[in-house]
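Those protein sequences? They're chains A and B, same order as listed.
Just so we're aligned: 305 in our numbering is position 268 of the first sequence, and the numbers increase by one with no gaps anywhere.
Just so we're aligned: 103 in our numbering is position 96 of the second sequence, and the numbers increase by one with no gaps anywhere.
Note that beta-carbon positions come from the ideal geometry of N, C-alpha and C, so glycine has one too.
Source: prediction; values computed, not measured.
To start, the structure under review is shown below, and the notes come after it.
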Amino acid sequence: MIGLLLALGCGELDPFERVPADAAAALASCDEAAFPELATTCRVEAAARAGLQGRADLAEAACDAIESPTWKDECHFRAGEEFGRTARVFDAVRHCKRAGNYQRFCLTHLGWHLPADQTGSAGGPEGVKAAWGRFTREADAALDGADAGFAEDTRSLLAASFGFGLYYGSGSADPALARAILDSAPPDDPWTGLLAPALRQGFADEAVRLRVPSCRPQPAPPAPKPEGGPGGPAVPGGAGQGGPGGGPAGLGGGPPGPPPAPCWVQPPPDLVASVRADWAGAGPPPTGAALPPDARHGRYHPPINLLAAKDLGVLPLYGGDRRYIAVDPDVDLTVAILQAMYFHPDIPADAVVPFLADPAQEVRWAAAGIVRTTPSPTLDHPAVLTKLAASDDPGLAEHGRSGLEGREWTVFVPGAPPRRGPPPGEKGRGPPPGP
Amino acid sequence: MIRFGWLVGLLACGAAPEPKTAAECGALGDATARENCRFGFLRPLFEAGDVAGFEAALAGIDDPLARDLVRLRLAIDDPSRADLLCGRVETPSGREKCQQVLGRPHLRAPR
Numbered sequence: 038m039i040g041l042l043l044a045l046g047c048g049e050l051d052p053f054e055r056v057p058a059d060a061a062a063a064l065a066s067c068d069e070a071a072f073p074e075l076a077t078t079c080r081v082e083a084a085a086r087a088g089l090q091g092r093a094d095l096a097e098a099a100c101d102a103i104e105s106p107t108w109k110d111e112c113h114f115r116a117g118e119e120f121g122r123t124a125r126v127f128d129a130v131r132h133c134k135r136a137g138n139y140q141r142f143c144l145t146h147l148g149w150h151l152p153a154d155q156t157g158s159a160g161g162p163e164g165v166k167a168a169w170g171r172f173t174r175e176a177d178a179a180l181d182g183a184d185a186g187f188a189e190d191t192r193s194l195l196a197a198s199f200g201f202g203l204y205y206g207s208g209s210a211d212p213a214l215a216r217a218i219l220d221s222a223p224p225d226d227p228w229t230g231l232l233a234p235a236l237r238q239g240f241a242d243e244a245v246r247l248r249v250p251s252c253r254p255q256p257a258p259p260a261p262k263p264e265g266g267p268g269g270p271a272v273p274g275g276a277g278q279g280g281p282g283g284g285p286a287g288l289g290g291g292p293p294g295p296p297p298a299p300c301w302v303q304p305p306p307d308l309v310a311s312v313r314a315d316w317a318g319a320g321p322p323p324t325g326a327a328l329p330p331d332a333r334h335g336r337y338h339p340p341i342n343l344l345a346a347k348d349l350g351v352l353p354l355y356g357g358d359r360r361y362i363a364v365d366p367d368v369d370l371t372v373a374i375l376q377a378m379y380f381h382p383d384i385p386a387d388a389v390v391p392f393l394a395d396p397a398q399e400v401r402w403a404a405a406g407i408v409r410t411t412p413s414p415t416l417d418h419p420a421v422l423t424k425l426a427a428s429d430d431p432g433l434a435e436h437g438r439s440g441l442e443g444r445e446w447t448v449f450v451p452g453a454p455p456r457r458g459p460p461p462g463e464k465g466r467g468p469p470p471g472p
Numbered sequence: 008m009i010r011f012g013w014l015v016g017l018l019a020c021g022a023a024p025e026p027k028t029a030a031e032c033g034a035l036g037d038a039t040a041r042e043n044c045r046f047g048f049l050r051p052l053f054e055a056g057d058v059a060g061f062e063a064a065l066a067g068i069d070d071p072l073a074r075d076l077v078r079l080r081l082a083i084d085d086p087s088r089a090d091l092l093c094g095r096v097e098t099p100s101g102r103e104k105c106q107q108v109l110g111r112p113h114l115r116a117p118r
């Protein structure tokens with residue numbers, strides 16, 4: 038009896054009780070946490086749940102209640118990640134802005150799967166133009182008070198995301214959508230310089246996809262939405278473990294199975310010329326089957342810095358990579374098309390080899406970067422890279438040397454886990470070039 | 008006995024003398040007070056780098072969940088030490104909680 042009284046009066050320890058799944062309940066439970074450190078981590082979890090559940094008010098309250106600077110930054114990072122995962126881009130920006138040391142990590146998780154109603158593509162050129170106006174106004178509001186560097190990086194990423202979302206997987210590479218925005222963009226607007234390469238890239242990604250049918254089984258196109266249905270595709274969620282250079286979160290069309298056997302498609306030799314003609318509106322725009330939202334991805338690898346290109350602007354790419362922006366728009370279009378050929382998982386490295394000798398250095402460097410990171414069943418990579426390493430062109434030499442030291446690529450293939458490392462069956466690496 | 012049982016419980020919970028060591032904290036009836044008491048003794052040892060003293064004092068705590076609580080609180084307070092602390096966590100719930108720190112490597116980088 039005394040023992041029972043003691044137990045009831047004194048209480049048992051249960052410090053690691055799980056945080057409720059509902060964001061509001063989670064936040065309320067944090068106030069009851071017996072120890073301040075656990076209250077802190079509870080609030081971070083509650084903020085993440087709030088992000089996933091679209092509760093901007095709760096995410097704000099959770100992070101505001103944390104005193105530790107490290108954990109406050111982490112709270113905003115987690116909230117930003119989860120808002121980004123569910124394509125609530127501007128809520129994500131508002132939190133990433135406040136993530137302190139983790140701002141840049143947070144940005145990598147901004148959504149690359151903008152809902153169609155955010156890009157306005159269903160409304161044709163006028164719809165896209167209106168959507169772009171709304172998009173930039175909302176982004177500018179979310180960036181209010183942000184430091185200049187973060188604001189610039191965010192605008193760059195958002196522009197790239199808009200261009201990608203406008204085109205890739207839509208089933209249409211109609212240049213009129215891009216022209217609707219470009220032709221009316223004010224020259225002094227901070228967005229204008231970012232917009233053109235982003236639209237070229239999104240356009241090229243889709244045009245190449247439509248012109249070079251995949252050799253893999255393709256998912257069924259999305260069913261048309263009923264009138265007045267909710268806007269935006271469902272973006273699959275997942276465990277929120279993020280970090281620098283992380284790929285887009287929430288990907289995957291189901292449980293991973295054994296990797297499908299690789300297949301290769303050699304694109305037509307005039308692919309680049311054809312896509313350039315598409316951009317110029319020379320004929321009817323390429324059209325084909327759309328991709329469901331959770332299948333709108335392709336090949337990507339971690340960022341590669343090229344010293345030779347340090348003075349060029351950069352465009353963020355799907356997966357955390359980036360490409361250099363050529364100063365001449367015409368040259369940049371070719372760079373975008375080559376990048377799109379890399380993004381297509383079935384196109385081997387051979388397809389871009391002819392561009393290693395292009396008159397424009399940005400095109401040569403883009404081709405070298407792609408050769409370095411792209412598998413092929415037939416190309417003798419070490420021989421090609423050895424030749425590049427001996428080039429007088431500093432960008433080619435840099436890619437060649439680094440490529441010989443370590444070729445790293447990641448291929449994301451729908452329905453399978455990412456494949457990493459050198460391609461199977463690659464011939465033995467040659468020795469590095471002499472001094 | 009039953010009429011005065013509530014009084015016995017009340018006196019037992021609140022009547023322990025002021026602890027002078029981490030081990031004596033175990034006499035405190037209230038769970039929160041007990042763990043805060045232990046933490047108050049163990050934290051300075053850990054922060055001073057007295058690994059042996061810290062581990063010895065921690066070993067004096069009978070309950071593995073309570074030992075993990077000390078480790079977690081220190082790891083959350085200073086994530087740069089999380090590897091050291093979380094590597095010795097004993098309970099499944101403690102390991103799960105540690106993932107919130109270990110699974111975020113940027114937390115362990117110097118600010």
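DSSP-derived helix/strand/coil call for residue i
i	result
THR156/A	helix
TRP139/A	Looking at the sequence provided, one finds Tyr at residue 139/A rather than Trp. The answer is helix: DSSP assigns TYR139/A an H, G or I state.
SER193/A	helix
LEU151/A	coil
TYR379/A	helix
TYR205/A	coil
GLY265/A	Confidence at GLY265/A is low in this model, with a pLDDT of 43, below 50, so the placement of that residue should be treated as unreliable; the coordinate-derived value is given next. Here GLY265/A sits in coil by DSSP.
Residue i burial status per 10 Å Cβ neighbour count (16 or more: buried)
i	result
GLU477/A	Missing from the structure shown is residue 477/A; chain A here goes from 38 to 472 and no further.
GLU42/B	buried
PRO99/B	exposed
ARG45/B	buried
GLU111/A	buried
LYS134/A	buried
LEU247/A	buried
CYS67/A	buried
LYS347/A	exposed
LYS27/B	exposed
ARG336/A	buried
VAL364/A	exposed
PRO305/A	exposed
THR145/A	buried
GLN30/A	The displayed coordinates of chain A run from 38 to 472. Any statement about residue 30/A would go beyond what the structure contains.
GLN238/A	buried
CYS252/A	exposed
ASP331/A	buried
ASP367/A	exposed
ARG125/A	buried
ALA373/A	buried
When the options are compared against residue i, the one with the closest alpha-carbon
i	options	result
ALA235/A	ALA168/A, PHE127/A, ARG360/A	ARG360/A
CYS300/A	PRO353/A, VAL249/A, THR423/A, ARG216/A	VAL249/A
GLY56/B	ASP70/B, PRO71/B, LEU92/B	LEU92/B
SER209/A	VAL364/A, ASP307/A, THR324/A	THR324/A
ALA196/A	ASP181/A, ALA215/A, ASP184/A	ALA215/A
PRO329/A	VAL312/A, ALA405/A, ASP242/A, TYR205/A	TYR205/A
GLU69/A	GLY239/A, ASP51/A, ASP383/A	ASP51/A
PHE53/B	PRO71/B, ALA82/B, ALA73/B	ALA82/B
SER207/A	ALA159/A, SER105/A, VAL372/A	ALA159/A
TRP228/A	PHE240/A, PRO212/A, ALA183/A, PHE172/A	PHE172/A
GLU104/A	GLY117/A, ARG115/A, ALA404/A, THR77/A	THR77/A
SER221/A	TRP402/A, PRO162/A, ALA244/A	PRO162/A
ASP429/A	LEU441/A, PRO419/A, LEU393/A, ASP417/A	LEU393/A
THR415/A	GLN303/A, ALA116/A, GLU97/A	GLN303/A
ASP395/A	SER198/A, LEU375/A, LYS109/A, PRO258/A	LEU375/A
PRO71/B	HIS113/B, GLU97/B, ASP37/B, LYS104/B	GLU97/B
One or two residues paired with residue i in a DSSP bridge
i	result
GLY239/A	Looking at the DSSP assignment, GLY239/A forms no beta bridge with any residue, so it has no partner.
LEU352/A	ARG360/A
THR324/A	SER209/A
Residue i beta carbon near the ligand FMN (any heavy atom closer than 6 Å)
i	result
GLU104/A	This structure simply doesn't include the ligand FMN, nor any ligand for that matter.
Looking at chain B, which residues of the segment 133–147 of chain A have a Cβ within less than 7 Å of any of its Cβ atoms?
ASN138, TYR139, PHE142
Cβ-based contacts, 9 Å cut-off: residues of the segment 49–80 of chain A near chain B:
Listed in sequence order: GLU49, LEU50, ASP51, PRO52, PHE53, GLU54, ARG55, ALA71, PHE72, PRO73, GLU74, LEU75, THR77, THR78.
Name the residues in the segment 106–136 of chain A whose C-beta lies less than 9 Å from a C-beta of chain B; which are they?
PRO106, THR107, TRP108, ASP110, GLU111, PHE114, ARG115
Near-chain A residues of the segment 46–61 of chain B (beta-carbon distance less than 7 Å), N- to C-terminal order:
none
Could you name the residues of the segment 80–92 of chain B whose beta carbon sits closer than 7 Å to any beta carbon of chain A, in the order they occur along the chain?
ARG80, ILE83, ASP84, PRO86
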